[in-house]
Structure formats: C-alpha cells, structure tokens
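In this note's numbering, the protein residues as written are 70 to 252. Structure first, then comments.
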C-alpha cells in the first residue's frame, strides 16, 4: 500500500524512485487497484477506512471531498438544489458541488472567453497566455507541465479535464502572481 501512496504522488516521481529502491512495477500497482471491488451503491467500508485514517489527524487534514454519481434522487430527499446546495449532517453543513470535472472545464472555457472579476480584481485569459510565453522561455520554469495544449486547446483538448485542471492549478496561479509582482 505504501507503493500506491508514492505512485499517487506522481508517476514520474515513482519511476524515478524505482531506479533507486525496489518498488513494484506500475502495471503491478494497476492490477492491485483493479482487484478492489466497487459495487453500485454506498460503500460502508470506505467510510471505515477514512474514519481510521483521520482518527488522529489534525483538524485541517480532516477536510475531505466525497464524490458520488447519479445523486439526483438523494439530493431531492435532502432538499438540495442549485439555489440551495447544502444540507446539515450532525450539525455540520455539507456543501454539494455538482459534476466537479465539468465545472473545472466550464470555468476554464469561461475564462478563455470573458474576464472574471473577483473582489475588484480582474482575471483574464491573457494573463495565462502571457505567463506561458514568458515562463516557457526560462530554464527553470514555474509551471513545467504547462504546454500549448493548455493555453490554446483545440476542441478535443478542451474536453480533457487534466488540461483545464493544470492550467487552473496553484502552480500556475503562483507563477502568474510572481511575474505580476516582478513586472
């Protein structure tokens, strides 16, 4: 299981560590993952694993996201809607976010077409493209995974969640902030 934890930190890093340490092959890890039985419905064992994992964790590490599919019936029973996307469970407000991958792509696509104002600050797609042009010329890039596919995606690339998630990532945001602060 430790090997899986390392692998989930990044495949490139895992393969690099394989050169130094005896670790299972990536295919072996994938076979282990395929052996896990997921049936339709609620998986009580997952909550037990999470409860055990977070029992001694500090409060800030106990914030988690649970992702569910086909939840419309449950949302109706809980009174969740687009206008009121929350419900209360044991005195804790639970926020329901619908189809997060689609929302990420939608946010990227909106930013590509329109500027977005947040607290009187403007976010523009031109900030992303200017950052990419400058950063890609540097030897030590702030966002080395960023490519032309991220900043000027074709229609097929626009369907890929990873391009949207990576272009809206913290490393890109920090890079843009640094370039902005340095002029």
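All C-beta atoms, glycine included, are put in the ideal place defined by N, C-alpha and C.
Cα-Cα separation between residue i and residue j, rounded to whole angstroms
| i | j | result |
| --- | --- | --- |
| residue 168 | residue 220 | 23 Å |
| residue 98 | residue 158 | 36 Å |
| residue 218 | residue 134 | 28 Å |
| residue 163 | residue 173 | 20 Å |
| residue 77 | residue 95 | 11 Å |
| residue 91 | residue 103 | 22 Å |
| residue 206 | residue 199 | 11 Å |
| residue 117 | residue 106 | 16 Å |
| residue 155 | residue 149 | 6 Å |
Beta-bridge pairing of residue i - partner residues as DSSP gives them
| i | result |
| --- | --- |
| residue 191 | 186 |
| residue 142 | Note: residue 142 sits in no beta bridge, so no partner. |
| residue 61 | There is no way to answer for residue 61, as the model of the chain reaches only from 70 to 252. |
Below-7 Å beta-carbon distance, residue i vs any chain D residue
| i | result |
| --- | --- |
| residue 145 | Looking for chain D here will not work: only one protein chain is present. |
Inter-residue CB distance, residue i and residue j (contact presumed, cutoff 8 Å)
| i | j | result |
| --- | --- | --- |
| residue 204 | residue 192 | Contact doesn't hold; Cβ gap of about 17 Å is too wide. |
| residue 176 | residue 86 | Going by Cβ atoms, the distance from residue 176 to residue 86 rounds to 34 Å, so no, they are not a contact pair. |
| residue 210 | residue 247 | Not confirmed; about 12 Å, so no contact. |
| residue 196 | residue 245 | 5 Å |
| residue 178 | residue 227 | 7 Å |
| Start-end ranges of the alpha helix (DSSP H) lying completely within the segment 76 to 112, minimum 4 residues | Those alpha helix (DSSP H) runs which fall completely within the segment 76 to 112 and span 4+ residues are 80 to 87, 95 to 104.
| message | Using a Cβ distance threshold of 8 Å, determine whether the segment 200 to 217 contacts the segment 237 to 247, with at least three qualifying pairs required. | response | Short answer: they touch.
| Hey, which unbroken runs of the beta strand (DSSP E) at 3 residues or more fall wholly within the segment 167 to 249? | Whole beta strand (DSSP E) segments, 3+ residues: 185 to 187, 190 to 192.
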